[in-house]
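A.B. asks: In terms of UniProt numbering, the sequence shown has 222 at position 222, counting the first letter as 1, and numbering is strictly consecutive. Backbone N, C-alpha and C define an ideal beta-carbon position, used for all residues, glycine too.
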Amino acid sequence: MVISQKNQKKLMMLFLLVMVALIATGCVSYDAAGNPSGWVYEYIGKPTSNLLDFLANLFGGSYGIAIIIVTIITRLLMLPSSIKMTKDSMISQSRMQIAQPEIDAIDKLIAETDDQNEKIRLNNEKMAVYKKYNINMLGGLGGCLPLLIQMPIIAAVYAAIRSSEQIKQATFFNIQLGQKSYLIFILVVGVSFLQAWLMQRNMPQSSNPAAQQTSKTMLLMNPLMLGWITLTTSAGLGIYFLTGAVVMLLQQLYVNQIVRPRIQEMIDEEAKHHDLLKDELPSVHRKDVTPSPQPDRIIPTKKRRRNEGLQNRRQK
């Protein structure tokens with residue numbers, strides 16, 4: 001059975017949601033009295049609860065500050081892998097933009113034929129295009145994987161807050177940590193959407209409408225999920241999400257200003273290399289198919305601009 005690129009992305013999104021649900025429901029279990037249990041609680045929840053108590057005692061009983069410190073520690077530990085996933089996602093989408101004309105040409109052939117063997121052959125050819133440009137098919141999941149990795153820690157912090165009477169009764173800026181807070185909910189969603197918007201704004205835009213919609217959906221999943229969890233739990237966990245969202249916002253600013261220009265230089269060099277190969281090698285597609293025009297790049301290469309100028313002068 002042949003699975004299209006669009007269906008592959010849908011399957012990956014479904015798999016991610018199932019994994020989040022399984023981890024969220026299976027990390028910590030509660031008995032009839034509300035007492036937590038499970039390996040995550042034993043090995044992460046209890047140490048986290050003890051750490052929160054220790055930090056709160058250092059800051060005059062402020063569990064709000066304790067939760068913020070634990071969140072910053074968690075985010076700093078995740079920072080290298082989080083930046084790497086974001087970088088991989090940006091590289092994958094930039095390479096997809098360069099490969100899109102060849103992929104569109106193959107997709108057109110797939111749509112025109114009813115021969116299943118031919119469809120299989122063309123899909124294999126499309127996979128070869130992905131391999132040629134070194135495109136990571138899981139690169140689009142970079143916006144949600146950090147949340148997936150955090151789920152055991154989130155479950156542990158929630159268990160610590162739920163099982164601690166001190167945290168339930170504590171307040172932070174007149175916000176009861178053991179109860180839900182609409183103010184924290186609004187702040188979590190607002191900061192998370194701002195971070196997602198900055199990520200979306202600096203991602204290469206594909207010429208494929210379906211790919212654009214998939215990218216937007218993946219980026220919006222994180223703030224929506226964080227908002228839903230914040231709204232249905234206590235303000236203590238909401239402070240964890242809010243602090244994490246602020247750290248992610250600062251991380252995204254760093255990626256946009258420092259990491260992205262370096263990625264663009266690398267992609268420009270790869271584009272020059274592939275342009276040279278296209279000039280030297282014959283087309284791999286059927287002669288009756290006209291390849292789609294090359295989509296606009298974020299920063300067009302100088303070689304491409306010179307070639308376009310020569311073509312315009314020849315036409316005149």
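#1: Does the ligand ATP have even one heavy atom less than 7 angstroms from the beta-carbon of Glu-42?
#2: What's the C-alpha gap between Ile-267 and Arg-75?
#3: Are three or more beta carbon pairs between the stretch 60 to 80 and the stretch 237 to 250 nearer than 8 angstroms?
#4: Give the secondary structure of Gln-166 by DSSP, where H, G and I count as helix, E and B as strand, and everything else as coil.
#5: Is the beta carbon of Ile-44 less than 8 angstroms from the beta carbon of Ile-153?
#6: Starting from Ile-103, follow its DSSP beta bridges and name the residues at the other end.
#7: Considering just the uninterrupted stretch of the alpha helix (DSSP H) at Gly-238, what are its terminal residues?
#8: For Gly-238 versus Thr-232, is the C-beta distance shorter than 8 angstroms?
#9: Classify Met-176 as helix, strand or coil using the three-state DSSP reduction.
#10: Taking 8 angstroms as the threshold (C-beta atoms), are Lys-126 and Ile-98 in contact?
#11: Considering only the alpha carbon of each residue, which of Ile-120, Tyr-130, Lys-46 and Ser-181 lies closest to Ala-156?
#12: Going straight from the alpha carbon of Glu-112 to that of Val-129, what length do you get?
#13: Comparing alpha-carbon positions, which option in Gly-38, Ala-159, Ile-175 and Gln-252 lies nearest Ala-196?
#14: Applying the criterion that 16 or more other CB atoms from any shown protein chain within 10 Å of the CB defines a buried residue, is Val-284 buried or exposed?
#15: Can you name the residues that DSSP bridges to Thr-48?
#16: Where do the ends of the alpha helix (DSSP H) carrying Val-129 lie?
#17: Would you grab the beta carbon distance between Ser-62 and Phe-172 for me? Rounded to a whole angstrom, and I think it's under 8 angstroms.
#18: State the Cα-Cα distance for the pair Gly-190 and Asn-117, rounded to the nearest angstrom.
#19: Expressed to the nearest angstrom, what Euclidean distance is found between the alpha-carbon atoms of Ala-159 and Ile-135?
#20: Pick helix, strand or coil for Thr-113, following the three-state DSSP scheme.
#21: By the 10 Å Cβ neighbour count, where 16 or more other Cβ atoms means buried, how is Asn-222 classified, buried or exposed?
#22: Looking at the secondary structure, which residues open and close the alpha helix (DSSP H) in which Ile-186 lies?
#23: Please work out which residues of its chain come closer than 6 angstroms, Cβ to Cβ, to Glu-102, disregarding the five sequence neighbours upstream and downstream, and give them in chain order.
C.D. replies: Checking against the coordinates, here is how it stands:
#1: This structure lacks the ligand ATP; in fact it carries no ligand of any kind.
#2: 29 angstroms
#3: yes
#4: helix
#5: yes
#6: Partner(s): none; Ile-103 has no beta bridge.
#7: 235 to 254
#8: no
#9: Reading off the sequence shown, one finds Gln at residue 176, where the question assumed Met. In the structure shown, Gln-176 sits in a strand (DSSP, three-state: E or B).
#10: no
#11: Lys-46
#12: 19 angstroms
#13: Gln-252
#14: Any reading at Val-284 needs caution, since the residue's pLDDT is 43, under 50, leaving its predicted position unreliable; the model's value is listed next. Val-284 is exposed by the Cβ-count criterion.
#15: Bridge partners of Thr-48: none, in fact.
#16: 116 to 132
#17: 7 angstroms
#18: 50 angstroms
#19: 40 angstroms
#20: coil
#21: buried
#22: 182 to 201
#23: Val-129
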